[in-house]
Amino acid sequence: MSSKRQQERARRARERICEIQKQIATFDIACRGSLLCRKKRCGNPKCRCARDPQALHGPYHELGRLENGRLVHRTVTAEQAAFLTKAIANYRAIVALLHEWDRETLRILAAEIESKRRKQKEL
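So this is what it looks like as structure tokens:
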């Protein structure tokens with residue numbers, strides 16, 4: 229690939245990285261994890277939930293996430309669940325943008341390596 233073409237790819241990659249940085253800066257909240265909606269048995273043998281699987285208590289909303297290598301579930305209110313839905317979607321979008329940033333960085337690196345290789349060949 230010609231050096232001008234490599235330089236153009238590197239320039240476009242740098243521009244795309246600037247766009248990614250601006251996009252990431254627009255997010256106000258972000259949270260890693262998954263939101264679950266569960267129904268539970270209470271453990272009381274006289275309760276209807278012990279006899280009838282359709283009569284479980286709930287629904288209960290839970291945030292599931294890894295903390296220090298362990299899966300942790302935290303019960304949240306319906307209002308908090310709505311808030312977390314947006315935060316989790318934002319987090320996933322940020323991660324996707326970071327993967328794209330990584331790819332663009334590799335394009336810049338490839339262009340710089342090619343440029344240095346061409347300069348050494350000329351000597």
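Sequential numbering of the sequence shown, starting at 229, is according to the working numbering. Think of the CB as a built atom: it goes at the ideal place given N, C-alpha and C, for glycine as much as any other residue.
- 8 Å or more divides the Cβ of residue 249 from the Cβ of residue 339.
- Taking a cut-off of 8 Å on C-beta distances, the region 261-271 touches the region 288-304, as three or more cross pairs fall below it.
- Rounded to whole angstroms, residue 231 and residue 324 show a C-alpha spacing of 30 Å.
- Here residue 316 is buried. Its C-beta has 16 or more other C-beta atoms within 10 Å.
- In terms of Cα proximity to residue 311, the closest of 258, 240, 343 and 296 is 258.
- The Cβ atoms of residue 276 and residue 283 sit closer than 8 Å to each other.
- It is roughly 30 Å from the alpha-carbon of residue 245 to the alpha-carbon of residue 295.
- Per the coordinates, the alpha-carbon of residue 243 lies some 39 Å from the alpha-carbon of residue 299.
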